[in-house]
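Scroll down for the structure; my scribbles are underneath it.
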Amino acid sequence: MKFFIDTANLEQIEEARDLGILDGVTTNPSLMAKEGITGDENIKNHYKKICELVDGDISAEVIATDFDEMIKEGKALADIHENIVVKAPMTKDGVKAIRWFTDHDIRTNCTLVFSAGQAILAAKAGATYLSPFIGRIDDMNWDGIELIAQIADIYTVQGFATEILAASIRNPLHIVRAAEAGADVCTCPLSSILGLLKHPLTDIGLAKFLADHKKANS
Ligand code: G3P
Numbered sequence: 071m072k073f074f075i076d077t078a079n080l081e082q083i084e085e086a087r088d089l090g091i092l093d094g095v096t097t098n099p100s101l102m103a104k105e106g107i108t109g110d111e112n113i114k115n116h117y118k119k120i121c122e123l124v125d126g127d128i129s130a131e132v133i134a135t136d137f138d139e140m141i142k143e144g145k146a147l148a149d150i151h152e153n154i155v156v157k158a159p160m161t162k163d164g165v166k167a168i169r170w171f172t173d174h175d176i177r178t179n180c181t182l183v184f185s186a187g188q189a190i191l192a193a194k195a196g197a198t199y200l201s202p203f204i205g206r207i208d209d210m211n212w213d214g215i216e217l218i219a220q221i222a223d224i225y226t227v228q229g230f231a232t233e234i235l236a237a238s239i240r241n242p243l244h245i246v247r248a249a250e251a252g253a254d255v256c257t258c259p260l261s262s263i264l265g266l267l268k269h270p271l272t273d274i275g276l277a278k279f280l281a282d283h284k285k286a287n288s
């Protein structure tokens, strides 16, 4: 399974990269706004900086909602760097745009996915990645992980090449369960990635090893 970090914060991207486990980055308009990145040029420059920090797939989202504008924006985003993956929403125009990008060798991430039917459409359009938002499904009292497992089954049975990118991860257990359910990628906040490190028995065990070493060597 690949690990992406879901943020536009450069320090957090560097911290995850330095851990040696990072395969890529996803962003969205809310995450860009959170970092105070506004205006087309600043946004493009920010994507450039992310591409310089991480050698892996970097998802950059179109803002337009109609087909022609999505194509224009997506082409401009793809021109920033060869690692850019154009992120387009699961809408009628979004699916048409994903098909267009696929036919023109531009890789895509279909975002805002909440059902297996949407996952089938995105795969048929040739999406490189599919982003089911598992945390937001859980928020609605449904089971986001169950959706990942259902899509993984469908993609295996049908032989679809689209990779399942579990998004809207909120905690370390989401990562573990998404991996178990067949996600190809998890895109996570830094806190969830670092949360995977934690176990009290590791801390207790390390303290004991160090104390025993100190006693024996003093
Ligand atoms: O990857 C999508 C993600 O940024 C959405 O997360 O927590 O806003 O549902 P969240």
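Its first residue numbered 71, the sequence shown is counted upward by one per residue in my numbering.
Where a beta carbon is used, it is the ideal one built from N, C-alpha and C, also for glycine.
Here the structure is a predicted model, which means the values were calculated and not measured.
What are the complete alpha helix (DSSP H) segments, minimum 4 residues, inside the region 180 to 208? The qualifying runs are 186 to 194.
For residue 103, I'd like the list of residues in its chain whose CB is within less than 8 angstroms of its CB, leaving aside the five on either flank, ordered along the chain. Within the same chain, residue 103 has no close Cβ partners at all.
With respect to 8 angstroms, is the separation between the Cβ of residue 115 and the closest non-hydrogen atom of ligand 1 below this value? Set against 8 angstroms, the gap from the CB of residue 115 to the closest heavy atom of ligand 1 is not smaller.
Below 7 angstroms CB to CB, which residues in the same chain sit around residue 170 once its five sequence neighbours on both sides are set aside? Correct list, in chain order: 141.
Consider the C-beta atom of residue 76 and the heavy atoms of ligand 1; say whether any pair is separated by less than 8 angstroms. Yes, the Cβ of residue 76 comes within 8 angstroms of a heavy atom of ligand 1.
Per DSSP, which residues does residue 76 bridge with? Please list them. Bridge partners of residue 76: 96.
With a threshold of 8 angstroms (Cβ to nearest heavy atom), would residue 79 be considered close to ligand 1? No, since every heavy atom of ligand 1 falls outside the 8 angstroms radius drawn around the Cβ of residue 79.
Simplified DSSP state of residue 147, which is helix, strand or coil: Residue 147 falls in the helix class under three-state DSSP.
Which same chain residues end up closer than 6 angstroms to residue 197 when comparing Cβ atoms and leaving out the 5 residues on each side of it in sequence? Excluding its 5 nearest sequence neighbours in each direction, residue 197 has C-beta neighbours in its own chain below 6 angstroms: 168, 178, 180, 232, listed in chain order.
Could you tell me whether the Cβ atoms of residue 83 and residue 263 are closer together than 9 angstroms? No, they are not a contact pair.
With DSSP as the reference, label residue 21 as helix, strand or coil. Lying outside 71 to 288, the shown extent of the chain, residue 21 is not represented and no answer is given.
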